[in-house]
Structure formats: C-alpha cells, structure tokens
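K.L.:
Before I ask anything, let me first share the structure, which is written out below as structure tokens.
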Amino acid sequence: MSAYLQCIEENCQKRISPTTKAHVCPDCSGLLDVMYDFQITDPDKSKQTFQQRRLSNDPLDLSGVWRYRELLPFCPDPAKVVTMQEGNTPIYEAPHCAEYTGLKRLHLKHQGLNPTGSFKDNGMTAGVTQARLMNSRMVACASTGNTSASMAAYAARAGMKAVIFIPDQQIAFGKLSQSLDYGALTLQLEGDFDEAMKMVKEITEESEVYLLKSINPFRLEGQKTIIIEMLAQRGWKIPDRVVVPGGNLGNSSSFGKAIKELHDLGFIDKMPMVTIIQALRANPLHKTLIDRSARLIRVEAHTLATAIKIGNPVSWKKAMRAMEWTRGWCDVVSEQEIADAKAIIGRDGVGCEPASATTVAGIKKLIQTREIDKEEDVVAVLTGNLLKDPDYTVNYHQNNLYEKASYKNELIERKDKIQSTFANAPLKVKARKEEILKVLGL
Ligand code: F0G
1 MSAYLQCIEE NCQKRISPTT KAHVCPDCSG LLDVMYDFQI TDPDKSKQTF
51 QQRRLSNDPL DLSGVWRYRE LLPFCPDPAK VVTMQEGNTP IYEAPHCAEY
101 TGLKRLHLKH QGLNPTGSFK DNGMTAGVTQ ARLMNSRMVA CASTGNTSAS
151 MAAYAARAGM KAVIFIPDQQ IAFGKLSQSL DYGALTLQLE GDFDEAMKMV
201 KEITEESEVY LLKSINPFRL EGQKTIIIEM LAQRGWKIPD RVVVPGGNLG
251 NSSSFGKAIK ELHDLGFIDK MPMVTIIQAL RANPLHKTLI DRSARLIRVE
301 AHTLATAIKI GNPVSWKKAM RAMEWTRGWC DVVSEQEIAD AKAIIGRDGV
351 GCEPASATTV AGIKKLIQTR EIDKEEDVVA VLTGNLLKDP DYTVNYHQNN
401 LYEKASYKNE LIERKDKIQS TFANAPLKVK ARKEEILKVL GL
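Here is the structure:
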C-alpha cells in the first residue's frame, strides 16, 4: 500500500503508518498529511478515465469522490468504501451575484447539494471509510452542526455508533435535526465549539473511539475532490481564483493540497489562488496573517454564521500553506455584508447557509479594494444548503435579524440590527380574490 502519514512540520516530516490512531505527529504534535507514491503516469489518460466513469453505474464511479480514487489512493479494498453518491455538485453561473460583486462573470460550486446538504459529505465518505479500515465501531466529532450531520449519516450507513459533541444552543436547527434523525448520540456541551473540540480530542485519545473532526487527515483527502470535480466539470479549464469560507480551515487546507498535487502530477499547469473569507469577529486566520504571527492568534468568535463561529481553528497551518502555495489570501466580512450577499445568492435561485455567503461578500469587498480584477475567472464554493438554517433567512427577510441573537429567534438582547437591504417579507392578505388580485396588480 502506497499511502502513509507524514508530519507537515518542515523540520520533522516524520512518516507513520496510515493505520495509526494518532491524528497529530507523535514526535512534535504537528498536523499530519496523507501522502502517497502516486501511480499516475499519464494525467490526460486519467482525465479521460474520470470522464468515462460518469457513464458507469459502479457505486465508486457514481461517487463524486471515489470517481477520482487514483488521486486519494488510501483504501486498498473497494468493498470497504462507505458512499452515498456524495459530491456530484453543480456549478452554476450566477449573474445577480456577478453584478453585485462587480465581476464580469461568477460561478458558484454548490456543495450544499450533497446528500446531507454540505461539503462535509465529500470528506466524511473518506473519513468513515478509514474508520472502517481500522475496524472502528464508534466514531466521534465536535461540530458546529454540519460535520455532525454528515458523520451521523455515514456512520448510520456503515453500522457504526456516532457520538457528536455540539456547542449548547449554538447550532442551527436544520443541522441538529439531522443528527437526531440519523440516530447519533448527541451531547450538547455548555460552552462554545472550541471547548467541544477540546473535549472530543481528549476523549478520543483515551479510548477506542475514532475521531472524525477535520484534524483527521483522511477527511481532507475526500474534500480534495471538490477542486478535482470542479476542474473536471470545467473541462480542466483552470480558474484564476477559488473563494472559500474559513472556519476550522479544513476545506481551504484540502483545496491547497489538491491544487499542489494536481500541479505536481501534471494535471494543471497553473495554480488557482485560494482566497479564504472569515467573518469579521471570527477571524483568527486573518489576524494571524495580518500580524505576521508565527503562532495562531486565537479569538473569542462571534458570528451569526454559526458554521464558522470558530476562534481556534485546528488546521490553520495547512491553510497558511495553501495560501503560500497558491499565492492566496484571507480577508474578513461583516455580518451585514454576509447577510446581504446571502440574499443576492438567493436571487440567483441558488440559496445557501450564512457561512457560504462570506464568499460572495468577500469577492465584492476585494473587487472594491482592487485585489480582484473584474475580468478574473472566479469560482466561489457554497458550502451549505439554504435549508440548514431557515431561522436566519426568515429573520433577515422579515427585518428581524440582530447580531446579538440566539439561533432560535429568542433574542438575548436586541442589539446591532442587521439592515434587511434586500428583504422579501411575506405579505399578509385576506383570503379574498379581490384583495389578492389587488396585491398582484391585476
Ligand atoms: N461552511 C459551512 C457550511 C460549514 O459547516 C463549515 C464548517 C465551514 C463553511 C467552514 O469550513 O471548517 O473547513 O473552514 N463547519 C464545521 C462543522 C466546523 O463542524 O460542521 P472549514
């Protein structure tokens, strides 16, 4: 088997077995990469093979992750793969968003159209497959909601017990409902995501439970296929830039690794820039970058985009590396900018959850500051489905969205109102034909 784990720290680079339970380097606690002695000799032939697999009904070929298996060859036994036909997500041209941001054209790759409604499924099929390869019966994660929903579903498919640690009162109902329905043991911890993360790490280190948080390098292997599939869908025409929200920074890390590997293997001859967008007050990566700090500058995170309400992201070093490799950058957007961008994405008939809208908000900002050129070929990755967090959307359109509010519409304090610039509130109308015709202007 050609896969192995390797410490990402330059001065360590320790290699360890892919079946070790450790998720960090046993010598220096550095993050680990899954590495391979790739067997690919002719990238053009591989591209053709990927294309031909679209006509196949083999379960691996039907998956938008395993269709590209030669680029993540860590599973020696195809029968062990746990798949729900994840990936296969569309790229939409988004004229309203393009006009709003100032770009000539903008494309949205909608990862929210995955089986459980977020990009986490791309990673979870790989993570749960690895758990199965290691004969794990119980898997665990800490989550702001999407990872837990995805892990619960894939664990159910694999016949494993799922334990999820979520921050009390801070996850959107759409996500919570999924974990409950998929049968996961759901532990709501007092405190925020970063505390839940710390607990799950301690518990998985000391027990047989397999950790499926994004520090798990196998999950990131699955998420690489978001980039691979995007390029395949574009006939391998390389965009100038890929824009992605930043929370725990798993996605941006895997995008960097995918782009670097595709470049090294000769699939692409230039690297699209990876631009990461964080919420203004959940901005540890941006702060670290601006301050040129060698250590992560943690923050106490605040944002209504609960998916990215993270102040101590585990994969920050890999995200730094992604930006370095691709000449990328990280920026921040305000709650107001996120809310308005989300409504504009909706106008394109697409829709997403708040965290995803950081992308369009970020592009608009970076066009204004001339970091992005109007002519650039940009793909924004929408990470989660609109229906994950309906409270946010309904509150925005009813002019009732506050920065300091809980997810359940029970206001903690009515403070820092977000302007509903593009509100589309429902109208109350009497159930009488004349009244309705009047409202319709007929
Ligand atoms: N968008 C959505 C919809 C997410 O759920 C997440 C992360 C992100 C963006 C950020 O991605 O962590 O790879 O930088 N959600 C995690 C979770 C933290 O637990 O579901 P990232």
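Using the working numbering, read the sequence shown as starting at 1 and increasing by one per residue.
In this text, a Cβ means the ideal position worked out from N, Cα and C, and glycines have one as well.
1) Could you have a look at Q178 and say whether DSSP puts it in helix, strand or coil?
2) Any idea what DSSP makes of K224, helix, strand or coil?
3) Taking only heavy atoms of ligand 1 into account, decide whether any of them is closer than 8 angstroms to the Cβ of F50.
4) I'd like to confirm something about K388: is its beta-carbon nearer than 8 angstroms to some heavy atom of ligand 3, or not?
5) For T326 and P272, which I take to be in contact (beta-carbon distance under 8 angstroms), what is that distance rounded to the nearest angstrom?
6) Express the C-alpha separation of T83 and M151 in angstroms, rounding to a whole number.
7) Considering only C-alpha positions, which residue in the set T225, M323, V378, L304 is nearest to P390?
8) Sorry if obvious, but does the Cβ on T147 come closer than 8 angstroms to a heavy atom of ligand 1?
9) Identify whether Y4 lies in helix, strand or coil by the three-state DSSP scheme.
10) When the distance is taken between beta carbons, is A307 closer than 9 angstroms to G362?
11) CB H110 to CB E93, shorter than 9 angstroms?
12) Could you tell me the boundaries of the alpha helix (DSSP H) in which H263 lies?
13) According to the Cβ coordinates, are N57 and G87 closer than 9 angstroms?
14) Please go through the region 68 to 137 and give each complete alpha helix (DSSP H) segment of 4 or more residues, from N-terminal end onward.
15) Beta carbon of I367, beta carbon of L103: below 9 angstroms?
16) Pairs of beta-carbons, one from the region 43 to 53 and one from the region 192 to 200, closer than 8 angstroms: are there three or more?
17) For A294, which residues from the same chain have a beta carbon less than 8 angstroms from its beta carbon, with the 5 sequence-adjacent residues on both sides left out?
18) Regarding I308 and ligand 1, is the C-beta to nearest heavy atom distance less than 8 angstroms?
19) Using 8 angstroms as the cut-off, classify the Cβ of A301 as near or not near the heavy atoms of ligand 1, replying yes or no.
20) Under 9 angstroms between C-beta atoms, does R53 make it to chain B?
21) Following a CB-centred definition, is E353 positioned closer than 8 angstroms to any heavy atom of ligand 1?
22) Compare the beta carbon distance of Y210 and K80 with 9 angstroms and say whether it is the shorter of the two.
23) Just curious, the alpha helix (DSSP H) that R347 is in, first and last residue?
24) Run the proximity test for T144: is its beta-carbon closer than 8 angstroms to any non-hydrogen atom belonging to ligand 1?
P.N.:
Here's the rundown:
1) helix
2) helix
3) no
4) The ligand content of the structure shown is limited to ligand 1, which means ligand 3 is not among them.
5) 7 angstroms
6) 12 angstroms
7) L304
8) yes
9) strand
10) no
11) no
12) 250 to 265
13) no
14) 95 to 101, 120 to 133
15) yes
16) no
17) none
18) yes
19) no
20) Note that chain B does not occur in the displayed structure, where there is just one protein chain.
21) yes
22) no
23) 335 to 347
24) yes
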